[in-house]
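Chains as they are written, first to last, in the working numbering: chain A, 1 to 327; chain B, 1 to 388.
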């Protein structure tokens, strides 16, 4: 059983809603639910196009609900933090009064036994509404909407046109045996490589396969790589600021060609070299994290524990082909 | 094997802009699709299948957006096919759509590709959501340094491509970046972003979409007899190779060469520089123009920059490249490849407006993606037998 490691990706997105979803979200702030007329039927929530024909729907909005009928449902016994409610609830298809289709929303019914197709539900409105679908906290059994005390249902100052959305997803990834061995080697300050038995190419880190010959690389193919090399190419990046970008100043990434093997490590960090002084030919040696500094990234990076490369002080390598070594 | 001749009879694109806050992204795609239908004189019900391409879902933060866009694309109840091959995706999308017709599976197929970059951040997404992301420019800068070193090209070549493409963009009503006073000095003095790539040698972030409608030989002939010149798809090719391995030639990848010669062989091209009248190449950073001129054997190795320097790749030159303004002027990433392919088709249809190349009978569209490792190319012409 491989070890599992969690990785999380998060980023805020700005979603433009367009004229139809925008109108729907704006109305939610006023405690209204809009549908759109499609021939002699009403679609709620509204769609921008006829789902059958693809033809554009005129923005002929109709207020529906607020109560509706559950047409189908499923029970969520153990909600996670991503669910709309922190207790057991139902996801239900709800046909709002006046609509000819149903929308999916949460129903806070207490117990599964309280749920049935055909039951009547009404919205529980959130006090702070911003023009998002969860302005309706959920639906509750019965005919009467739950409205916070003193809520006048005023229209927003500006129509809602954008939706901010914070995406967060956590993965649990298995760590491959090759990544485990590369990580263990890193703890011993060794740089693990693997040599393909067919083409004899050497790959850095726990790659686990030769992409040229499509053969699996296993412990018998492990080789120790030299920990000295030369800067063969580089770039200096002026970072673009976005949420999660950890760099604020210009930073360099360099290619390191390892001595004696045809291996180039891409986009490495250089230590103690100002960006203005970076050039091909600098002789460097690997620098490893101490036990205390080491973060277990679960094999996510090819060479775990490698902090970067530090100049050895030797004279530059002036081979003319150095600049052309990128990969 | 027998292939059905395949014709392009409809092309549509949006006006490309930094942000389209007024539309949902299905709404953005609709604009391109509706223009393509109008061009083809078709309605939604005429289309048998839709092929949709876009770059990583992290760009907009919507996973598998194709699943909820069937109504926007009139595709309810029809086959809907998603393609994803990184930066080359737009090109591959056009190729996959053309194959549905070529194979006789469908008669009328719409290819659609898009990106709404304003909803997220491409640098974040390309870095897989990690900090200290290099972005595409950072990843490619060393390749470009290597090209410059190998070819001995003077540094003004990059500036010159940037000026040429931006001047071409001024003639393209759909282009995003329009810098009326673009000049060598302006490019040279723009900030260094990813040494040796300057700001004005880089593509913008755009919202936009492109749609192309394919039909069979009868459909193509019917359009032609109606006075609507079709573009005939004479050949298509895709190749890929691993992104890095010892001994890989990063400047002249084998996959790019193989892709081109597969394509040239299908069409009967032995001398691409002479037999192809114009090309739309995927040039997100200016130096990729000479890199691809060499990578696809249009120029001899080490000579691509000389075609740029002599003005040969300008609209009035012997081998015009990126007459639309190219990726340097509009970059809705997922659509960028299809825009190249569509511009090649517009050119041979004689419908490229102010950026039309006189006598463009045979045109090349090309896109590449990821670590210069995915390639997509096609050749279109204004007849099925352009070389007689």
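Here a beta-carbon is modelled for each residue, glycine too, at the ideal position from N, C-alpha and C.
Keep in mind that this is a model prediction, so the values were computed, not measured.
Applying the criterion that 16 or more other CB atoms from any shown protein chain within 10 Å of the CB defines a buried residue, is residue i buried or exposed?
i	result
residue 296(B)	buried
residue 100(B)	buried
residue 111(A)	exposed
residue 4(A)	exposed
residue 354(A)	With chain A running from 1 to 327 in the structure shown, residue 354(A) is simply not present.
residue 245(B)	buried
residue 115(B)	buried
residue 94(A)	buried
residue 104(A)	exposed
residue 68(B)	exposed
residue 333(B)	buried
residue 280(B)	buried
residue 247(B)	exposed
residue 201(A)	buried
residue 38(A)	buried
residue 1(B)	Note that residue 1(B) has pLDDT 43, beneath the 50 cutoff, so the model's placement of it is unreliable and the number below is only indicative. Under this definition residue 1(B) is an exposed residue.
residue 171(A)	exposed
residue 290(A)	exposed
residue 214(A)	exposed
residue 315(A)	exposed
Between the beta-carbon of residue i and the beta-carbon of residue j, is there less than 7 angstroms?
i	j	result
residue 335(B)	residue 211(B)	no
residue 151(B)	residue 305(B)	yes
residue 91(B)	residue 376(B)	yes
residue 35(A)	residue 160(A)	no
residue 29(A)	residue 126(A)	no
residue 204(A)	residue 270(A)	no
residue 380(B)	residue 320(B)	no
residue 234(B)	residue 204(B)	no
residue 174(B)	residue 355(B)	no
residue 227(A)	residue 285(A)	yes
residue 111(B)	residue 93(B)	yes
residue 32(A)	residue 6(A)	no
residue 206(B)	residue 330(B)	yes
residue 448(B)	residue 50(B)	The structure shown does not extend to residue 448(B), since chain B spans only 1 to 388, so no value can be given for it.
residue 278(B)	residue 360(B)	yes
residue 176(A)	residue 208(A)	yes
residue 97(A)	residue 67(A)	yes
residue 235(A)	residue 250(A)	no
residue 47(B)	residue 231(B)	no
residue 87(B)	residue 369(B)	yes
residue 304(A)	residue 186(A)	yes
residue 122(A)	residue 143(A)	yes
residue 61(A)	residue 107(A)	no
residue 209(B)	residue 28(B)	yes
residue 272(B)	residue 291(B)	no
residue 378(B)	residue 270(B)	no
residue 117(B)	residue 3(B)	no
residue 119(B)	residue 60(B)	yes
residue 350(B)	residue 229(B)	yes
residue 328(A)	residue 2(A)	Residue 328(A) lies beyond the stretch modelled for chain A, which goes from 1 to 327, so this question has no answer here.
Is the beta carbon of residue i within less than 6 angstroms of some heavy atom of the ligand HEM?
i	result
residue 122(A)	By its list of ligands, the structure shown contains no ligand whatsoever, and the ligand HEM lies outside what it can speak to.
Problem set entry | 3-residue-minimum beta strand (DSSP E) runs that sit fully inside the segment 76-115 of chain A, ordered along the chain | Unbroken beta strand (DSSP E) stretches of 3 residues or longer found wholly inside the segment 76-115 of chain A: 89-96 and 103-107, given in chain order.
Exercise. Pairing CB atoms from the segment 241-256 of chain A with CB atoms from the segment 194-202 of chain A, are three or more of them under 8 angstroms?
Worked result: Here the segment 241-256 of chain A makes no contact with the segment 194-202 of chain A; the two share fewer than three CB pairs at distances below 8 angstroms.
Exercise. Taking contact to mean at least 3 C-beta pairs separated by less than 8 angstroms, is the segment 256-276 of chain B in contact with the segment 31-49 of chain B?
Worked result: Counting C-beta pairs with one atom in each stretch, the segment 256-276 of chain B and the segment 31-49 of chain B have fewer than three that are closer than 8 angstroms, which means they do not touch.
For this session: For the segment 124-206 of chain A, list the beta strand (DSSP E) runs that are entirely contained and at least 3 residues long, ordered along the chain.
Result: Here the runs fully enclosed are 136-141, 162-174, 192-195 and 202-204.
Exercise. What alpha helix (DSSP H) runs, 4 residues minimum, are completely inside the segment 19-56 of chain B?
Worked result: Contiguous alpha helix (DSSP H) elements confined to the segment 19-56 of chain B occur at 25-40, taking only those with 4 or more residues.
For this session: Name, going along the chain, the residues of the segment 319-335 of chain B whose beta-carbon falls closer than 8 angstroms to a beta-carbon of chain A.
Result: Taking 8 angstroms as the Cβ-Cβ cut-off against chain A, none of the residues of the segment 319-335 of chain B qualify.
For this session: May I ask you to list, following chain order, the residues of the segment 197-224 of chain A that have a beta carbon less than 7 angstroms from some beta carbon of chain B?
Result: Hits within the stretch, in order: 201, 202, 211 and 212.
Exercise. Can you list, in chain order, the residues of the segment 111-124 of chain B whose Cβ is nearer than 8 angstroms to any Cβ on chain A?
Worked result: Of all residues in the segment 111-124 of chain B, those with a C-beta nearer than 8 angstroms to a C-beta of chain A are 116, 118, 119, 120, 121, 123 and 124, reading in chain order.
Problem set entry | Cβ pair count under 8 angstroms reaching 3, the segment 300-317 of chain B against the segment 179-188 of chain B | Contact between the segment 300-317 of chain B and the segment 179-188 of chain B is absent, because fewer than three Cβ pairs lie under 8 angstroms.
Exercise. In the segment 245-302 of chain B, which residue ranges form an unbroken beta strand (DSSP E) of at least 3 residues, counting only runs that do not cross its ends?
Worked result: Runs of the beta strand (DSSP E) inside the segment 245-302 of chain B: 278-280.
Exercise. Just checking, does the segment 156-176 of chain B make contact with the segment 323-335 of chain B on the three C-beta pairs under 8 angstroms criterion?
Worked result: In short, these stretches touch, since the Cβ pair count reaches three.
Exercise. For the segment 194-201 of chain B against the segment 22-32 of chain B, are there 3 or more C-beta pairs whose distance is under 8 angstroms?
Worked result: Contact between the segment 194-201 of chain B and the segment 22-32 of chain B is absent: fewer than 3 CB-CB pairs across the two stretches fall below 8 angstroms.
Exercise. What residues from the segment 11-22 of chain A come within 9 angstroms of chain B, judged by C-beta to C-beta, listed N to C?
Worked result: Listed by position along the chain: 11, 12, 13, 14, 15, 16, 17, 18, 19, 20, 21 and 22.
Exercise. Touching or not, the segment 144-158 of chain B and the segment 247-255 of chain B, by the rule of three or more beta carbon pairs under 8 angstroms?
Worked result: Segment contact: the segment 144-158 of chain B against the segment 247-255 of chain B, three or more CB-CB distances shorter than 8 angstroms; contact assigned.
For this session: Would you list, in chain order, the members of the segment 132-165 of chain B that have their beta-carbon closer than 8 angstroms to a beta-carbon of chain A?
Result: Contacts with chain A (Cβ-Cβ distance below 8 angstroms) from the segment 132-165 of chain B involve 132, 133, 134, 135, 137, 138, 139, 141, 142, 143, 145, 146, 149 and 150, listed in chain order.
For this session: Evaluate contact between the segment 250-264 of chain A and the segment 220-238 of chain A, counting only Cβ atoms and requiring at least three cross-stretch pairs below 8 angstroms.
Result: Segments in contact, yes.
For this session: Pull out every residue of the segment 253-267 of chain A whose Cβ sits closer than 9 angstroms to any Cβ of chain B, in chain order.
Result: Hits within the stretch, in order: 253, 254, 255, 261, 262, 263, 264, 266 and 267.
Exercise. What residues in the segment 222-255 of chain B bring their beta carbon closer than 9 angstroms to a beta carbon of chain A?
Worked result: From the segment 222-255 of chain B, only 241, 242, 243, 244, 245, 246, 247, 248, 249, 250 and 251 have a Cβ closer than 9 angstroms to chain A.
Exercise. Along the segment 271-304 of chain B, what residues have a CB closer than 9 angstroms to any CB found in chain A?
Worked result: Nothing from the segment 271-304 of chain B brings a Cβ to less than 9 angstroms from some Cβ of chain A.
For this session: Mind checking the segment 284-296 of chain A against chain B and listing, in chain order, the residues whose C-beta falls within less than 9 angstroms of any C-beta there?
Result: Listed in sequence order: no entries.
Problem set entry | Segments assigned beta strand (DSSP E), at least 3 residues, entirely inside the segment 113-176 of chain B | Listed in chain order, nothing qualifies, since the segment 113-176 of chain B has no complete beta strand (DSSP E) run of 3 or more residues.
Exercise. Which residues, taken in chain order from the segment 228-243 of chain A, show a beta carbon closer than 8 angstroms to some beta carbon of chain B?
Worked result: Listed by position along the chain: 233, 234, 235, 236, 237, 238, 239, 240, 242 and 243.
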